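Below is one structure, written out as structure tokens; comments come after it.
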């Protein structure tokens, strides 16, 4: 276990926010996890920082799991993988596809660590982590023991899980177990993939997803960003039908229980904010769902811009956008409104 005086966290978050951390604790093994003393002060569990926005000049204590390893068990009808929380998600996708274990290809190039994947129930192009998650093993701070939660116990929803609510701050994810069926069927329903042939292989899909994401999303190394800043909003069918009368070209995705998912990027573009910039905080010129840091924007600058986006979209469509990104102040996780001093 490494207890570091971290200084600036600019290199630890993909938005390149220059907040200051006084204590960073890296955990590389299960033994170190068992020895961990839970800080009395506020803390935050940090993966690769791709879905984190530091909104104050100081951060809480940061706990950074770096547990590695991929174990594969082949069964008659599926491959079962146990993956350490510190592994990189995209590298895991590449590993599974190149080793003949398809299923995760639609989730290629999603930034972040494996341990963060179940927290957000990451998803893209018609596929979610929940589709393949068998279980999640996490270290319970109260009992100092590893516990395994089934996929059902994780309470997965759209960018939601039990780890964002009932178990928030009560433990650290150590590993996840995925089950990839051998009876694989490609998911080609989304634009960009629906032109591929039905007999396409997983590697071709993965390459296509990578190409699409690279064409739409800026590389955070070149232009700092958190990827999709907002969730795609879900509205009831009646509200959608009213909107569709005025905007017949509005993209949508039918959901269960008489609900419809809308495209947040399209809504933001329609209110005229695509390419909008104030200081060094901006809305990306190619993908309005992405907020960017042109150099020296603070976390509060980005949060102020996010609030403007939310207000404009609500005023025009009566649709409430919510951040997908987690906002972190010195007291821990906070809301957008709380982040503004």
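Residue numbers (the UniProt record's numbering): 1 to 341. Think of the CB as a built atom: it goes at the ideal place given N, C-alpha and C, for glycine as much as any other residue. Quantities reported herein were computed from a predicted structural model and do not represent experimental measurements.
query	result
Same chain, Cβ closer than 6 Å to residue 80, neighbours up to 5 away in sequence not counted	73, 179
Residue 100 classed as buried or exposed, judged by whether at least 16 other C-beta atoms fall within 10 angstroms	exposed
Beta-carbon proximity check, residue 408 vs residue 291, cutoff 8 Å	Since the displayed the chain opens at 1 and closes at 341, residue 408 lies outside it and no answer follows.
Counterpart residues of residue 20 in DSSP-defined beta bridges	8, 58
Nearest neighbour of residue 304, chosen from 314, 319, 285, 279 [CA to CA]	279
Buried or exposed by the 16-neighbour rule on C-beta atoms within 10 Å, applied to residue 177	buried
Any beta strand (DSSP E) of 3 or more consecutive residues that is wholly inside the stretch 224-250	225-228, 234-236
Beta-bridge pairing of residue 255 - partner residues as DSSP gives them	259
Beta strand (DSSP E) runs contained entirely in the stretch 60-123, provided each spans 3 or more residues	61-65, 70-74, 78-84
Supposed contact pair residue 311 and residue 297 - C-beta distance, whole angstroms, cut 8 Å	Actually they are not in contact, since the Cβ atoms of residue 297 and residue 311 sit about 19 Å apart, beyond 8 Å.
Closest by C-alpha distance to residue 335, when choosing among 76, 283, 151, 299	299
Between the CA atoms of residue 85 and residue 110 - distance to the nearest angstrom	15 Å
Minimum C-alpha distance to residue 94 - residue among 238, 209, 228	209
Selected residue, minimal CA-CA separation from residue 147, among 52, 174, 164, 158	174
contact_flag[the stretch 315-331, the stretch 226-244] where n(CB pairs < 8 Å) is 3 or more	yes
Three-state secondary structure (DSSP) of residue 215	helix
Residue from 340, 34, 23 whose Cα sits closest to the Cα of residue 40	23
Option in 97, 152, 141 with minimal Cα separation from residue 121	152
Cβ pair count under 8 Å reaching 3, the stretch 137-145 against the stretch 160-173	yes
Residue 17 versus 295, 316, 333, residue with shortest Cα-Cα distance	295
Nonlocal neighbours in the same chain, by C-beta distance under 8 Å from residue 38, ignoring five residues either side	141
Chain-order list of residues whose beta-carbon lies under 8 Å from that of residue 234 (same chain, five-residue window excluded)	158, 255, 259, 260, 261, 262
Which listed residue (166, 230, 144, 338) has its alpha carbon closest to that of residue 154	166
Buried or exposed (CB count within 10 angstroms, at least 16 for buried), residue 78	buried
DSSP-derived helix/strand/coil call for residue 45	strand
Assigned exposure category for residue 195 - 16 Cβ within 10 Å defines buried	exposed
Proximity to residue 113 [Cα-Cα], best of 206, 204, 200, 68	68
Whole-number beta carbon distance between residue 58 and residue 11, since they are thought to touch under 8 Å	17 Å between Cβ atoms; not a contact.
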